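In this note's numbering, the protein residues as written are 13 to 276.
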């Protein structure tokens, strides 16, 4: 800059210019810089589109089933309609289970991998001596959200590990309130579906039902098909899917605000 040039509106301090540039960036840019090629927004868009298609298919199936029941009421004692009703009933029961497995199979891994990617990104941005084996191994445990430290002993607990690590690095205040309850419900349903399929053992159904009550999960999060007055199948509800998608957006926005506040 020559003496005749007008003064820069940003001043002449390179650090100040850098800080001002960082402050001008929106939170989503900070998150993108942290996660690199992970592209969370694009992944979430694909999930939203498939959830919408499955919801449309389920609604079309419901309408056809209701029309069949109306026809049965209008023409009672029709054995052909009775058989058709049975076929469509079971087809709809297990199609809804398939849609639930599809939904939780997208939402739960995305939620888990999002936190893993966030903490891995924060770890990369810290000053680290890569030649220090002791520090490297300690950091491997510290930055792993799947590990929870209880009385200095590491245990496998994803939800508690995420919460504990978020507190440790200062991210917790930027995360949406009550996210831990959502993660607990989502991961519990994911584990049951992918270990047991559509039909869970009676003991598993009973434990899940008790957990819904004891942990006060909203009644709108899961629906059930009952048999002999007790839950026989559990579905993840469209309301809970929408809630999870909204929560993911809030987690990403909160993380972006956290990064921006720290100039990262």
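Backbone N, C-alpha and C fix where the C-beta goes; we use that ideal spot for every residue, glycine too. These figures come from a predicted structure and were not determined experimentally.
Local conformation of residue i per DSSP, three classes
i: residue 49; result: helix
i: residue 242; result: strand
i: residue 194; result: helix
i: residue 177; result: helix
i: residue 61; result: helix
i: residue 274; result: coil
i: residue 216; result: helix
Inter-residue Cα distance where the pair is residue i and residue j
i: residue 151; j: residue 159; result: 12 angstroms
i: residue 227; j: residue 79; result: 38 angstroms
i: residue 245; j: residue 71; result: 19 angstroms
i: residue 199; j: residue 89; result: 45 angstroms
i: residue 221; j: residue 91; result: 37 angstroms
i: residue 236; j: residue 60; result: 23 angstroms
i: residue 212; j: residue 218; result: 10 angstroms
i: residue 41; j: residue 81; result: 52 angstroms
i: residue 180; j: residue 234; result: 32 angstroms
i: residue 58; j: residue 45; result: 21 angstroms
i: residue 183; j: residue 133; result: 13 angstroms
i: residue 69; j: residue 102; result: 16 angstroms
i: residue 47; j: residue 106; result: 37 angstroms
i: residue 93; j: residue 241; result: 27 angstroms
i: residue 239; j: residue 163; result: 43 angstroms
i: residue 127; j: residue 275; result: 20 angstroms
i: residue 75; j: residue 85; result: 15 angstroms
i: residue 138; j: residue 254; result: 35 angstroms
Cβ-based neighbour list, residue i, same chain, cut-off 6 angstroms, excluding 5 preceding and 5 following
i: residue 135; result: 155
i: residue 229; result: 197
i: residue 243; result: 217, 221 and 236
i: residue 43; result: 264, 267 and 268
i: residue 251; result: 232
Sequence-distant residues of the same chain with beta carbon closer than 8 angstroms to residue i, five excluded per side
i: residue 166; result: 153, 159 and 160
i: residue 110; result: 210
i: residue 261; result: 56
i: residue 37; result: 272
i: residue 96; result: 80
i: residue 223; result: 200 and 229
Supposed close pair residue i, residue j - CB separation, criterion 8 angstroms
i: residue 263; j: residue 201; result: About 19 angstroms separates the two Cβ atoms, so there is no contact after all.
i: residue 120; j: residue 66; result: That pair is no contact at about 16 angstroms.
i: residue 62; j: residue 118; result: 7 angstroms
i: residue 129; j: residue 50; result: 5 angstroms
i: residue 196; j: residue 171; result: 5 angstroms
i: residue 188; j: residue 259; result: 6 angstroms
Sequence-distant residues of the same chain with beta carbon closer than 7 angstroms to residue i, five excluded per side
i: residue 269; result: 39 and 186
i: residue 176; result: 160 and 161
i: residue 104; result: 73 and 77
i: residue 216; result: 204 and 208
i: residue 265; result: 39
i: residue 192; result: 171 and 175
i: residue 113; result: 205
i: residue 178; result: 184 and 187
Counterpart residues of residue i in DSSP-defined beta bridges
i: residue 247; result: 235
i: residue 166; result: 161
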